Each structure stands twice: as C-alpha cells, then as structure tokens.
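A short worksheet on the structure shown next.
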Amino acid sequence: MDDKTITSLTEAFKAAPSAALAKILVFAYLKKNDLNTAIQYLPHLQDDLEQEELSLLVKHLLQANEHDALMDYGKKLTQVASLHELLQQLLTQGAFELSKQLYLFRLKQDPMIKTPDFERQFGNESERPKLRVIEKTNTAEVTQLSRYREQVTTFNDVVGLDKIKKQIHKKIILPFQKPSLFQRFKKKIGGGVLLFGPPGCGKTLLARATAGECGASFFNVEVSDVQDM
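Quick note, the sequence shown lines up with residues 1346 to 1574 if you use the working numbering.
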C-alpha cells in the first residue's frame, strides 16, 4: 500500500471512523514500521483479529516495549507456539513479572499451554498447597513476658550507662517533670536522644526505663508493625 493510499484512508477515517478502517490503517503503518502512528488506531479495533494478525501486532509491541498494550493483545493469543515464543522473548527482555502474569492468566483459560520449563520459572500459584505452621508455645515464657511488660522499669534496673542516663534525664525527664521551671527561665522544652548500637546493647531497656521515670506508658513499635515491604 503506497503513501497516497494510506493518506486517503487516514482522511476517510477522520471523516467517518470505523473499526474496519482502523484495522487497515494499523497494519498499513506496521508494515511501514511506524508503530507510534499505528497505536493511535488500536482503541478503535474490535476483537476480530486473526491469530496471524495478532502475532504480528504483538511482535511490534514487544520490540517497542509497549507492555501495557502487549498484555492486552497477548491475552488473546490462542496459538500455543506464538504464546510460548512471546513469553520467552519477554523473559529475554527481563520482563519477568509481565511474562508471569500473562502465563498464569492464559493457563487458567487453557491448561494445554503448560510446560515444565515455564512451570519451573513461574509455577501455578493456584495449585500450590498452602502451608500450615504449627508452633508449640511455652506458656511460662508468655506469662513471664506479659508480667515484664506490665512492670514499671526505671533507671535503677539499668546497670551502668551513667552518662547516657544523665543526658536522658536532662533532655527528656526533667523537662517532662518540671515544665514550669523551663518556662520560667525561657528554656525550650522538647527534643530527644537518638540511641544506636547493635541488638542487645540496651536501647529498648533505656527507652522503657525513660518512660518509667516519667510515669508514662511504653510501647515498643517496630518498623514492620507499621509499614510492610
């Protein structure tokens, strides 16, 4: 199809859009390797594309990394060989998640597309057995932990760390206990102390003891409690 004919068809489409004209223009521009223009007519297509036409369209979308449109038309591929080729090319491009989503979607519709190679890479999540985790809980340990959390911890329970306790008392406990004193001398109330160090060095114990010295409740909140991956 020459450029003059394509131009005439384009003008005809602008005057009276139709699915038939859109289909002609899509594949006319694909043959000219003008995918950007061909994509403009994709929303006007109907679900009447033949498998050879789908394969050609998917091939161009894959080369241009148009993954959103590729997913839509890849779902309509019924030829097993064409689908397998598309999945493998997506893996080669590094689009693992897209390839996996397309495989699992088509697998629900047609189990015949299953292959040992793709199963090893993707797996059928719907067929995986659900694991049950059974743990034996030591009642004594749970009771002991519960009692520990209910007890009030103070600096008397913290051995050593005198310099750190002095800093905490000056910056946190004293302003909390005697705010009027700071207001009288126009001292700013607030601030804090950043504790850092390896696990087990006493950071949480110090924080719990600080709360105890202030007569406040202590809640040990970890990042995983408020934010997941």
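All residues carry an ideal CB built from backbone N, CA and C; glycine is no exception.
For clarity, every value in this text was computed on a predicted model and none was experimentally measured.
Can you tell me whether DSSP reads residue i as helix, strand or coil?
i: GLN1391; result: coil
i: PRO1456; result: helix
i: GLY1537; result: coil
i: GLN1408; result: helix
i: VAL1497; result: coil
i: CYS1559; result: helix
i: SER1363; result: coil
i: ALA1383; result: helix
i: LYS1377; result: coil
i: GLY1419; result: helix
i: SER1471; result: At SER1471, the pLDDT of 46 sits below 50, so the modelled position is not reliable; the number obtained from the coordinates is stated separately. If DSSP states are grouped into helix, strand and coil, SER1471 belongs with the helices.
i: PHE1450; result: helix
i: GLU1567; result: coil
i: PRO1461; result: helix
i: ALA1552; result: helix
i: ASP1348; result: helix
i: ASP1573; result: coil
i: PRO1544; result: coil
i: GLN1424; result: coil
i: GLU1397; result: helix
Our contact map puts residue i next to residue j with C-beta atoms below 8 Å; I'd like the distance itself, whole angstroms only.
i: LEU1443; j: HIS1412; result: 5 Å
i: ILE1458; j: LEU1428; result: 6 Å
i: LYS1538; j: ILE1517; result: Residue identity check: residue 1538 is Val in the sequence provided, not Lys. VAL1538 to ILE1517, Cβ: 7 Å. Contact.
i: ALA1367; j: LEU1390; result: 6 Å
i: LEU1370; j: THR1355; result: 6 Å
i: ALA1409; j: LEU1380; result: 5 Å
i: ILE1509; j: LEU1550; result: At roughly 11 Å, the Cβ-Cβ gap does not stay under 8 Å, so ILE1509 and LEU1550 are not in contact.
From residue i to residue j, what distance separates their C-alpha atoms?
i: SER1400; j: GLY1419; result: 8 Å
i: LEU1447; j: PRO1544; result: 44 Å
i: SER1471; j: PHE1450; result: Reliability of the predicted coordinates at SER1471 is poor, the pLDDT of 46 falling under 50, and no value is obtained from them.
i: THR1423; j: PHE1463; result: 17 Å
i: ASP1348; j: ALA1357; result: 14 Å
i: GLN1415; j: VAL1403; result: What sits at residue 1415 in the sequence shown is Leu, not Gln. Their Cα atoms are separated by approximately 6 Å.
i: ASP1570; j: LEU1506; result: 29 Å
i: PHE1441; j: LEU1540; result: 41 Å
i: GLN1466; j: VAL1566; result: 38 Å
i: LEU1519; j: LYS1445; result: 59 Å
i: HIS1514; j: VAL1568; result: 26 Å
Using CA atoms only, rank isn't needed, just tell me which of the options is closest to residue i.
i: LEU1387; options: GLN1408, CYS1559, ALA1365, PHE1441; result: ALA1365
i: PHE1564; options: LEU1375, SER1363, GLN1572, ARG1553; result: ARG1553
i: ALA1556; options: GLN1572, GLN1438, ASN1501, ASP1570; result: ASN1501
i: VAL1503; options: THR1460, GLU1464, LYS1548; result: LYS1548
i: PHE1372; options: LEU1422, MET1346, SER1353, ASP1455; result: MET1346
i: THR1499; options: VAL1568, SER1562, LEU1435; result: SER1562
i: GLN1454; options: LEU1435, GLY1560, THR1437, LYS1421; result: LYS1421
i: ASP1417; options: ASP1392, LYS1510, GLN1466, LEU1551; result: ASP1392
i: MET1426; options: THR1352, GLU1397, LEU1550, CYS1559; result: Residue identity differs from the one stated: residue 1426 is Ala in this sequence, not Met. The option with the nearest alpha carbon to ALA1426 is GLU1397.
i: LEU1452; options: ALA1360, LEU1436, LEU1432, THR1437; result: LEU1432
i: THR1382; options: ILE1351, THR1460, GLU1430; result: ILE1351
i: GLY1439; options: PRO1461, PRO1456, THR1460, LEU1407; result: LEU1407
i: LYS1511; options: ALA1361, GLU1558, GLU1430; result: GLU1558
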